[in-house]
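To keep things clear, I will list the structure first and then write my remarks on it.
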Amino acid sequence: MPIVFYLERANQLSLLPYKDLVDLCPLIESYQVTKSLILIFWLILNDIFYLKKKGVLGV
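Position 23 of the sequence shown, counting from 1, maps to 933 under our numbering, and the rest follow consecutively.
Have a look at this one:
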């Protein structure tokens, strides 16, 4: 049998079709991404200032 047949057959036997996966994943709002980026940036800056204060960074 051709490979395409096996792929089609496997897709039909899938317990969770692709379209159902989309329904399970909540949408990510743009403010969530922005908030996460700001938090990451703040943590990096905080670490840099801490390391400078301790004298670990010679910059």
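Built from N, CA and C at the ideal position, the CB exists for glycine as well.
Give me the Cα-Cα distance between residue i and residue j, rounded to the nearest whole angstrom.
i, j, result
"I954", "E939", "23 Å"
"Q942", "L949", "11 Å"
"K963", "W952", "16 Å"
"D967", "N956", "Reading the sequence as shown, one finds Leu at residue 967 and not Asp. Each residue's alpha carbon lies about 13 Å from the other."
"S946", "G965", "29 Å"
"Y960", "T944", "24 Å"
Identify whether residue i lies in helix, strand or coil by the three-state DSSP scheme.
i, result
"V966", "coil"
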